[in-house]
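Asks:
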Amino acid sequence: MRYVNGKPVPTDPELLKPGKPEKKYRNKKTNRYYRNIAGFVFLILGGLFFVFMMQLEVAIGFIFLGLAILIGLIAILFDVVLKYDIGYEANEKLPEEDPTQAAREALLYDSMKDD
Numbered sequence: 001m002r003y004v005n006g007k008p009v010p011t012d013p014e015l016l017k018p019g020k021p022e023k024k025y026r027n028k029k030t031n032r033y034y035r036n037i038a039g040f041v042f043l044i045l046g047g048l049f050f051v052f053m054m055q056l057e058v059a060i061g062f063i064f065l066g067l068a069i070l071i072g073l074i075a076i077l078f079d080v081v082l083k084y085d086i087g088y089e090a091n092e093k094l095p096e097e098d099p100t101q102a103a104r105e106a107l108l109y110d111s112m113k114d115d
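Following UniProt numbering, the numbering of the sequence shown begins with 1 at its first residue and continues without gaps.
(1) Does the region 42-53 come close enough to the region 65-75 to have 3 or more Cβ pairs within less than 8 Å?
(2) Would you kindly work out how many angstroms separate the C-alpha atoms of A90 and Y3, rounded to a whole number?
(3) Which residues does DSSP pair with P104 in a beta bridge?
(4) On the CB-based measure, 16 or more other CB atoms within 10 Å of its CB, does E72 come out buried or exposed?
(5) If A102 sits next to V41, beta carbons under 8 Å apart, how far is it from one beta carbon to the other, in whole angstroms?
(6) Could you check if G6 is buried or exposed, using at least 16 other CB atoms within 10 Å of its CB as the buried criterion?
(7) To the nearest angstrom, how far is the alpha carbon of A75 from that of F52?
(8) State the DSSP-derived secondary structure class of V51, mapped to helix, strand or coil.
(9) What is the DSSP secondary structure of V4, counted as helix, strand or coil?
(10) Please classify S111 as buried or exposed, where buried requires at least 16 neighbouring CB atoms within 10 angstroms.
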């Protein structure tokens with residue numbers, strides 16, 4: 001076992017081969033942007049539908065207004081206030097640095113140093 005920067009690093013050549021990442025990560029900022037737009041669209045369309053229904057003197061307009069405001073505010077609240085991405089695992093983390101990368105660099109450095 002070798003140590004690089006004070007951390008133990010495996011020296012087995014099989015472990016030093018780069019692997020494929022297990023998960024691909026979506027662009028969270030773009031998704032948040034579109035959900036904010038969807039939240040505002042729900043608010044606006046709900047308000048317009050409410051006005052239209054009230055012109056027809058139909059009380060069901062209040063139900064649609066309430067639903068639209070609720071859906072719109074939930075989307076905006078989750079994305080803007082809480083900065084929480086709906087649809088992602090709660091404990092999902094970005095990919096960490098490959099632990100064998102330091103070992104590969106150390107071996108490369110050692111091989112260059114011998115020349």
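Glycine residues also receive a C-beta, built at the ideal position from the N, C-alpha and C atoms.
Just so it is clear, the structure is predicted and the values come from calculations on it, not from any experiment.
Replies: Checking against the coordinates, here is how it stands:
(1) Judged by Cβ distances under 8 Å, the region 42-53 makes contact with the region 65-75, as three or more pairs qualify.
(2) Unreliable placement is indicated for A90, whose pLDDT of 49 sits below 50; no coordinate value is reported for it.
(3) The sequence given here has Arg at residue 104, not Pro. R104 is not bridged to any residue.
(4) Reading the sequence as shown, one finds Gly at residue 72 and not Glu. Buried, because 16 or more other Cβ atoms sit within 10 Å of the Cβ of G72.
(5) That pair is no contact at about 48 Å.
(6) G6 comes out exposed.
(7) Cα to Cα, the separation comes out at about 24 Å.
(8) helix
(9) strand
(10) exposed
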